[in-house]
Amino acid sequence: MNECRGCGRDATLPVLDFGNVPAPDHFPPAADPIGADEACHRLAIALCSSCGLAQLADDDTGGQEMHGLEPRALREQAQAAVEQVAAAGWLRGDTVLEFESPHSGSWLPLVAVFGYHPAPGSDADLVLDCFGIMHEPEQRASFARRAAATRSGGVLLLQYQPIVTIVTEGQWNALRHGHFAYYSLTSLRSLLATVGMSVATLWEFDLYGGTTLVAAVHGDVEGDESVQHLLNKEQQMGITTPAGLAGLQEGADRDVEMLRGWLEQEAAAGHTVYAYAAASKAVSLFSRAGITTDLVKAVADGAPAKQGRRMPGTDIPIISPEELLAADPDRVLLTLADLLPEVEARFPELSGRWKAHGR
């Protein structure tokens with residue numbers, strides 16, 4: 001692709017290429033043999049030299065993401081976010097409309113406490129989007145829909161994992177098919193400006209290594225100190241330039257080598273290793289590292305829809321948490337580090353055995 005998903009200009013340049021990986025949303029039945037074409041989807045990232053939007057170059061997977069269980073960390077962050085927004089005086093009006101995401105539960109019950117009820121029509125005083133808009137291939141049209149849904153004088157609350165976090169934390173496997181856009185505040189402001197909106201303020205949270213929630217309003221508004229601070233940080237990083245993203249390529253290769261090296265050491269020591277969380281992030285990680293049941297016996301996941309299936313591109317089955325406990329493994333690779341407090345509390349039997357990827 002050359003045309004930017006956001007601004008529409010013919011100005012995208014290839015910046016990252018992670019090779020062929022499986023579709024992150026297709027978990028075959030465990031008994032199905034591995035197809036030669038399972039890991040055949042090119043995972044590459046392009047950057048728009050005009051608006052600065054990092055984006056999926058192409059996506060030929062065409063799948064629908066399988067909903068998983070909502071982690072406790074995500075629920076707790078959502079509660080904290082709504083409370084902070086309310087304390088800052090940004091919960092205005094009484095009608096709300098939410099754009100859903102496969103990554104999060106609804107914020108509607110959280111704002112209902114503050115007097116909001118679902119809008120009867122197609123627009124509302126408060127519009128919510130928590131990790132939703134990145135799933136939209138047509139970014140420009142998607143921002144236009146959210147702007148149209150936000151009433152004059154209303155607020156759009158949009159939460160996303162910034163490309164700054166992905167780069168600084170080395171989270172290369174957050175880049176995946178089905179996630180079409182990776183926002184910096186710089187590129188987000190540009191996208192909002194095309195639909196007549198501005199970022200007025202923002203909040204930052206520790207979730208996923210760093211998550212940003214912005215409050216956007218209609219009109220040309222100069223953002224407050226929090227907005228200016230993040231814009232300055234992004235400019236210093238060069239986050240909207242190819243050089244600002246280049247480190248992810250080397251970091252991805254290093255991450256894969258380190259994980260495989262650790263697994264091989266555990267196997268050589270005679271240790272059995274299982275994993276927890278059949279997350280979309282783990283699909284490209286396992287595929288690029290060439291992990292099979294020789295190194296990871298199974299992946300446990302709390303979502304019943306995934307149990308009895310296998311990780312795409314590998315022979316590693318997905319089992320229930322109860323089966324994980326029964327297996328009594330020596331080590332458990334946690335594919336989502338944010339789950340660590342939750343799984344440590346839920347599975348005290350596995351204390352001291354967790355290895356959180358990325359930490």
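Heads up: the sequence shown at position 220 corresponds to 220 in the UniProt record's numbering, and the numbers run straight through without jumps. Just so it is clear, CB atoms sit at the ideal spot from N, CA and C, and this is done for glycine as well.
Item	Value
Relative to the C-alpha of V15, which residue among L43, P33, L325 is closest?	L43
When the Cα of P24 is compared with those of E138, A279, L245, P341, which residue comes out closest?	A279
Between which residues of its own chain and P71 is the CB-CB distance below 8 Å, once the five residues before and five after are set aside?	L336, D338, L339, E342
Where does the unbroken beta strand (DSSP E) through T165 begin, and where does it stop?	Looking at the DSSP string, T165 is not in any beta strand (DSSP E); the run it does join, the alpha helix (DSSP H), is 163–168.
If L97 sits next to L245, beta carbons under 8 Å apart, how far is it from one beta carbon to the other, in whole angstroms?	L97 to L245, Cβ: 34 Å. No contact.
Using 10 angstroms around the beta-carbon of T293, count the other beta-carbons present and answer buried if the total reaches 16, otherwise exposed.	exposed
Could you please give the first and the last residue of the uninterrupted beta strand (DSSP E) stretch that includes V195?	Here V195 belongs to no beta strand (DSSP E), and DSSP marks it neither H nor E.
Pick out the complete beta strand (DSSP E) segments inside the UniProt domain "C-methyltransferase" (208–335), 3 residues or longer, and give them in chain order.	211–218, 273–276, 331–334
Counting along the chain, where does the alpha helix (DSSP H) carrying F143 start and finish?	139–149
With a Cβ-Cβ cutoff of 8 Å, do V214 and L126 count as a contact?	no
Quick check on Q265: buried or exposed, where buried means 16 or more other Cβ atoms within 10 Å of its Cβ?	exposed
Going by C-alpha to C-alpha distance, which of G8, T241, D220, N20 sits closest to L285?	N20
Does DSSP classify L16 as helix, strand or coil?	strand
Anyone know if the C-beta pair for D123 and A148 falls short of 8 Å?	yes
Can you tell me whether R92 is buried or exposed? The criterion is at least 16 other CB atoms within 10 Å of its CB, across all chains shown.	exposed
To which residues of the same chain is D17 closer than 6 Å at the C-beta, ignoring the five residues directly before and after it?	A44
Three or more beta-carbon pairs under 8 Å between the region 178–186 and the region 51–59, yes or no?	yes
Name the one or two DSSP bridge partners that I45 has.	L16, L56
Would the region 304–314 and the region 184–192 be scored as touching if the rule is three or more Cβ pairs under 8 Å?	no
Under the three-state reduction of DSSP, which class applies to A31: helix, strand or coil?	coil
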